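K.L.:
Would you mind keeping the following structure in view while I ask a few things?
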Amino acid sequence: MTEEIIIAGFGGQGVLSMGKILGYSGLMQGQEVSWMPSYGPEMRGGTSNVTVIISDDRISSPILANYDTAIILNQQSMDKFESTVKPGGTLLYDPNGIVKHPTRKDINIYKVEATKLATEMGSAKVFNMMVLGSFLKIKPIVKMENVIKGLKKSIPSRNHSLLPLNEQAIEIGMKSVEKVS
Amino acid sequence: MEKELRLMKGNEAIAEAAIRAGADAYFGYPITPQSEVIEYLMAQQPHKRTGMVVLQAESEVSAINMIYGAAACGRMAMTSSSSPGISLKQEGISYIAGAELPCLILNVVRGGPGLGTIQPAQSDYFQSTKGGGHGDYRLVVLAPASVQEMYDSVELGFDLAFKYLNPVMVLADGIIGQMMEKVELGEQKVRRTPEEIIKQCPWATTGKPESRDHNIITSLDLVAANQEKFNIKLQAKYKEIQDKEVRYEMINCEDADYILVAYGSSARLSMKAMDILRAKGIKVGIFRLITLFPFPSKQLFELADKVKGFLAVEMSAGQMVEDLQLAVQFKKPVKHFGRFGGVIPSPEEIADALEQKIIGG
Amino acid sequence: MAEITLQDIIKEENLVYKKSKVMTDNTLSYCPGCGHGTAHRLIAEVIEELGIQSETIGVSPVGCSVLMYNFLDIDMQQAAHGRAPAVATAIKRIMPEKYVFTYQGDGDLAAIGTAETIHACNRGENITIIFINNGIYGMTGGQMAPTTLEGMPASTCPFGRDIELMGNPLKMTELVANLAGVYSVSRHSVHTPRNVRKAKKAILQAFESQKLKRGVSFIEIVSNCNSGWKLTPRKANEWMEENMFPFYPLGDIKVDGQLVTK
Numbered sequence: 001m002t003e004e005i006i007i008a009g010f011g012g013q014g015v016l017s018m019g020k021i022l023g024y025s026g027l028m029q030g031q032e033v034s035w036m037p038s039y040g041p042e043m044r045g046g047t048s049n050v051t052v053i054i055s056d057d058r059i060s061s062p063i064l065a066n067y068d069t070a071i072i073l074n075q076q077s078m079d080k081f082e083s084t085v086k087p088g089g090t091l092l093y094d095p096n097g098i099v100k101h102p103t104r105k106d107i108n109i110y111k112v113e114a115t116k117l118a119t120e121m122g123s124a125k126v127f128n129m130m131v132l133g134s135f136l137k138i139k140p141i142v143k144m145e146n147v148i149k150g151l152k153k154s155i156p157s158r159n160h161s162l163l164p165l166n167e168q169a170i171e172i173g174m175k176s177v178e179k180v181s
Numbered sequence: 182m183e184k185e186l187r188l189m190k191g192n193e194a195i196a197e198a199a200i201r202a203g204a205d206a207y208f209g210y211p212i213t214p215q216s217e218v219i220e221y222l223m224a225q226q227p228h229k230r231t232g233m234v235v236l237q238a239e240s241e242v243s244a245i246n247m248i249y250g251a252a253a254c255g256r257m258a259m260t261s262s263s264s265p266g267i268s269l270k271q272e273g274i275s276y277i278a279g280a281e282l283p284c285l286i287l288n289v290v291r292g293g294p295g296l297g298t299i300q301p302a303q304s305d306y307f308q309s310t311k312g313g314g315h316g317d318y319r320l321v322v323l324a325p326a327s328v329q330e331m332y333d334s335v336e337l338g339f340d341l342a343f344k345y346l347n348p349v350m351v352l353a354d355g356i357i358g359q360m361m362e363k364v365e366l367g368e369q370k371v372r373r374t375p376e377e378i379i380k381q382c383p384w385a386t387t388g389k390p391e392s393r394d395h396n397i398i399t400s401l402d403l404v405a406a407n408q409e410k411f412n413i414k415l416q417a418k419y420k421e422i423q424d425k426e427v428r429y430e431m432i433n434c435e436d437a438d439y440i441l442v443a444y445g446s447s448a449r450l451s452m453k454a455m456d457i458l459r460a461k462g463i464k465v466g467i468f469r470l471i472t473l474f475p476f477p478s479k480q481l482f483e484l485a486d487k488v489k490g491f492l493a494v495e496m497s498a499g500q501m502v503e504d505l506q507l508a509v510q511f512k513k514p515v516k517h518f519g520r521f522g523g524v525i526p527s528p529e530e531i532a533d534a535l536e537q538k539i540i541g542g
Numbered sequence: 543m544a545e546i547t548l549q550d551i552i553k554e555e556n557l558v559y560k561k562s563k564v565m566t567d568n569t570l571s572y573c574p575g576c577g578h579g580t581a582h583r584l585i586a587e588v589i590e591e592l593g594i595q596s597e598t599i600g601v602s603p604v605g606c607s608v609l610m611y612n613f614l615d616i617d618m619q620q621a622a623h624g625r626a627p628a629v630a631t632a633i634k635r636i637m638p639e640k641y642v643f644t645y646q647g648d649g650d651l652a653a654i655g656t657a658e659t660i661h662a663c664n665r666g667e668n669i670t671i672i673f674i675n676n677g678i679y680g681m682t683g684g685q686m687a688p689t690t691l692e693g694m695p696a697s698t699c700p701f702g703r704d705i706e707l708m709g710n711p712l713k714m715t716e717l718v719a720n721l722a723g724v725y726s727v728s729r730h731s732v733h734t735p736r737n738v739r740k741a742k743k744a745i746l747q748a749f750e751s752q753k754l755k756r757g758v759s760f761i762e763i764v765s766n767c768n769s770g771w772k773l774t775p776r777k778a779n780e781w782m783e784e785n786m787f788p789f790y791p792l793g794d795i796k797v798d799g800q801l802v803t804k
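Protein chains in written order, with my numbering: chain U, 1 to 181; chain E, 182 to 542; chain X, 543 to 804.
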């Protein structure tokens, strides 16, 4: 099994940390993982993306042009990455702020109203965990117990009191994802 | 014992490796894309963990001269920077090579020339492998292609540095520095005691006891004939390194018609390109350079008898390809493919380049 | 009266001066009349008197005193031009119990090594910096230094230093005295016995300060360069008194961490 994922959105949406938790989850179940962020001026306030690869085998390139899954969280990223999903691949997005919805017919498109649901939950910060939950519902490549372990490894121990909230967000994300086409 | 596994950036892994290897000192100056090295060290407070000295210098120039000072005392000293900063260090590196001191220098390469860009590149190959500063000298150059190899390069690098009393450079790039991968951490080694250092490095300036002559660390000899003699000795050392320390990895070369020659992250990109080409039925293998100096010339020369051509893949306008051409000696076609200035080639582009430049050409 | 032989004179009780055992037997490479030899001797004597030969590491610069390591019988490192304070910083940080000093000329310390000097001083490294200021580049053949006086000729200002063209001479010593990491700063000369005694006392105190981790002790020695100045040794010393001392006045500049007000 090899899953090649791009997660893209605004800096501050938790794109990088979502990727890191996913990566750690893979590591926890003995898989090979790579996490490659876009870095540099894009870090500050602009768009941010990270390529995450989880595989049973040695990972070749950590940087890719095509992906099994694209998780897209803003319009700029939709413009840039919709076309990079492999035929038969998966595109998951949050419709918040999206004006040009994806149109490809040869891929599986899912959406989750994560921004809205996180705001309703009163914790905009766990938005990324909701999206992660949706992804894991579509592609259960890592076991939930390992996601929890991954969360613990990724979040500084001083914030471990927030673990239940993050778990709850993952569950809401799993329940709320809808197939578009 | 259970393995200690972590998901780490290359920059963090090499910093942790330095602490665990029992390094005595790190001196550096921030520059993207490698500032995590000193940030990680400062956050870890190695002066409390192992007694390791970590200091942010006022410049790269100062940092490399601090390395000189510490190395001359027989200490395991490491610095890190990225391309423009490494250019600034060249004077100091030349002095370190000239004084035959051991040290570890990490270059997380970014696009150049000048201030260039902060994105990954491999355009410092010439600078790293051909000396870099003034004079006839060489660095041992290691090219890690994964975060694990970044980690492992510390112990290997210090071993080689102390074995040959020569600076060792770890030539990474922005991809290796910034990406996170699984790392298996080694055990914490105990730093050498001052007595052990004196025993291992009797040449070091640790304070002159009655029992020996004073130790002098210098690269100066005003008598040209003596300086020539010293240079001959240096060249003999580089020859020994060339004979004994070549490291490389061959992937799927047994049945290969075509070889992608690459190092560091371009080797990783090439592995994906190999998969693409093999899926098309083209028999491609990878020759991954692990040491850039010494360059595996002999091995490539021999491999040339068995294959139809080579493509050097590097994120530069064509630097390593010159050594490859020298190694293959016109036995088989050697071509170059690169994207540069901070642009990373896609595996598909690499696959296309092999088809067009080597198979088609 | 019996004739006095040499053997009658060479006796322990007649001994008035002895070369320090911290000096080697190598012949000094300096021009006759140069102050470097005396400055070397003072450092050697202080190291001997403090009994710290096995605990002292010196750093020599690029300049006339590049070969200082041949004359002092202690462990020494030769630093790249201007970088001695960075080299000394590392030595002291990894071996804080040792005594570490740099010995630098004006080109080394106040031109190419300005950044290293200022930052080592500002960090308050527990080292001793000995700064030999003769207002000229001696080793390379008498070029203008950062400390060359206004109107003073040198091979790169043959008509004298023109402030408008070449900028002002730099009082590095006064500059570093203002830095918090610097504990003591004083300016000396070694051209008369009285001044030699004062300079030696300052060097002694500077080494003692290291033990107490007080920060940088900075000692400037205004010296002559009769070759570079194209004067006889005697004339050079007179010229130094008349021209260098008014601009670079001798005395204490910072004592016990406090600037001396005049």
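A virtual CB, placed ideally from N, CA and C, is assigned to each residue, including glycine.
In this text, all values refer to a predicted model and were calculated from it rather than measured experimentally.
1) Does any C-beta atom of chain E lie closer than 8 Å to the C-beta of residue 67 of chain U?
2) Between U/154, U/127, U/134 and U/161, which lies nearest to residue 91 of chain U when the distance is taken from Cα to Cα?
3) With H, G and I counted as helix, E and B as strand and the rest as coil, what does DSSP make of residue 526 of chain E?
4) Quick one: measure Cβ to Cβ for residue 8 of chain U and residue 127 of chain U, integer angstroms, because I've assumed they're closer than 8 Å.
5) Can the beta-carbon of residue 24 of chain U be found less than 8 Å from the beta-carbon of residue 173 of chain U?
6) Taking the C-alpha atoms as reference points, what is the distance between residue 43 of chain U and residue 18 of chain U?
7) So is residue 511 of chain E buried or exposed if we call it buried at 16+ other beta carbons inside 10 Å?
8) If we require 4 or more residues per run, which alpha helix (DSSP H) segments fall completely within the stretch 439-504 of chain E?
9) Scan the stretch 332-353 of chain E for residues whose Cβ lies nearer than 9 Å to a Cβ of chain X and list them as they occur along the chain.
10) Spell out a yes or no on whether the stretch 647-657 of chain X and the stretch 734-747 of chain X are touching, meaning 3 or more CB-CB pairs, one atom from each, closer than 8 Å.
11) Below 8 Å, how does it come out for the stretch 496-505 of chain E and the stretch 298-315 of chain E: are there three or more Cβ pairs, yes or no?
12) How far does the alpha helix (DSSP H) with residue 28 of chain U in it reach, from first residue to last?
13) Mind reading off the beta-carbon distance from residue 765 of chain X to residue 728 of chain X? Whole number of angstroms is fine, and I expect it under 8 Å.
14) Quick one, which of U/159, U/162 and U/155 has its alpha-carbon nearest residue 246 of chain U's?
15) If you draw a straight line from the alpha carbon of residue 4 of chain U to that of residue 272 of chain E, how long is it in whole angstroms?
16) So which of X/635, X/620 and X/604 has the shortest CA-CA distance to residue 258 of chain E?
17) Could you please give the first and the last residue of the uninterrupted alpha helix (DSSP H) stretch that includes residue 328 of chain E?
18) Quick one, which residues of the stretch 624-641 of chain X are near chain E if we go by CB-CB under 7 Å, in chain order?
19) What three-state label does DSSP hand residue 656 of chain X in the structure shown?
20) Run through DSSP, which three-state label would residue 43 of chain U get?
21) Beta-carbon of residue 263 of chain E versus every beta-carbon of chain U: anything under 8 Å?
22) Contact criterion: CB-CB distance below 8 Å. Does residue 501 of chain E meet it with respect to chain U?
23) Quick one: measure Cβ to Cβ for residue 631 of chain X and residue 247 of chain E, integer angstroms, because I've assumed they're closer than 8 Å.
24) Name the DSSP beta bridge partners of residue 602 of chain X, please?
25) Round the Cβ separation of residue 349 of chain E and residue 342 of chain E to the nearest angstrom and send it over; I've been treating them as touching at under 8 Å.
26) Contact criterion: CB-CB distance below 8 Å. Does residue 525 of chain E meet it with respect to chain U?
27) What are the residues in the stretch 372-397 of chain E lying within 9 Å of chain X by C-beta distance?
28) Expressed to the nearest angstrom, what Euclidean distance is found between the alpha-carbon atoms of residue 700 of chain X and residue 610 of chain X?
29) Return the Cβ separation of residue 177 of chain U and residue 110 of chain U in integer angstroms, given the expectation that the two are a contact with Cβ distance under 8 Å.
30) Which residue from E/373, E/251 and E/279 puts its Cα closest to that of residue 201 of chain E?
31) Flag residue 247 of chain E as yes if its beta-carbon sits less than 8 Å from any beta-carbon of chain X, otherwise no.
32) Does the beta-carbon distance from residue 445 of chain E to residue 214 of chain E come in below 8 Å?
33) With a threshold of 8 Å, are at least 3 pairs of Cβ atoms found where one atom belongs to the stretch 67-84 of chain U and the other to the stretch 25-41 of chain U?
34) Give me the chain X residues within the contact set of residue 273 of chain E, using Cβ-Cβ distance strictly less than 8 Å, ordered along the chain.
35) Give me the chain E residues within the contact set of residue 598 of chain X, using Cβ-Cβ distance strictly less than 9 Å, ordered along the chain.
P.N.:
Here's the rundown:
1) no
2) U/134
3) coil
4) Actually they are not in contact, since the Cβ atoms of residue 8 of chain U and residue 127 of chain U sit about 14 Å apart, beyond 8 Å.
5) no
6) With a pLDDT of 49 at residue 43 of chain U, under the threshold of 50, the modelled position of that residue is not reliable, and the figure given next carries that caveat. Distance between the alpha carbons of residue 43 of chain U and residue 18 of chain U: 15 Å.
7) exposed
8) 445-460 and 478-484
9) none
10) no
11) yes
12) 15-28
13) Between residue 728 of chain X and residue 765 of chain X the Cβ distance is about 15 Å, and since that is not below 8 Å, they are no contact.
14) What is shown of chain U runs 1 to 181, which leaves residue 246 of chain U out entirely.
15) 44 Å
16) X/635
17) 328-345
18) 625, 628, 629, 630, 631, 632, 633, 635, 636, 637 and 640
19) helix
20) Low confidence applies here, because residue 43 of chain U scores a pLDDT of 49, under 50, leaving its location unreliable and the question unanswered by this model.
21) no
22) no
23) 6 Å
24) X/620
25) 4 Å
26) yes
27) 375, 385, 386, 387, 388, 389, 390, 391, 394, 395, 396 and 397
28) 30 Å
29) 5 Å
30) E/373
31) yes
32) no
33) no
34) 622 and 625
35) 388 and 389
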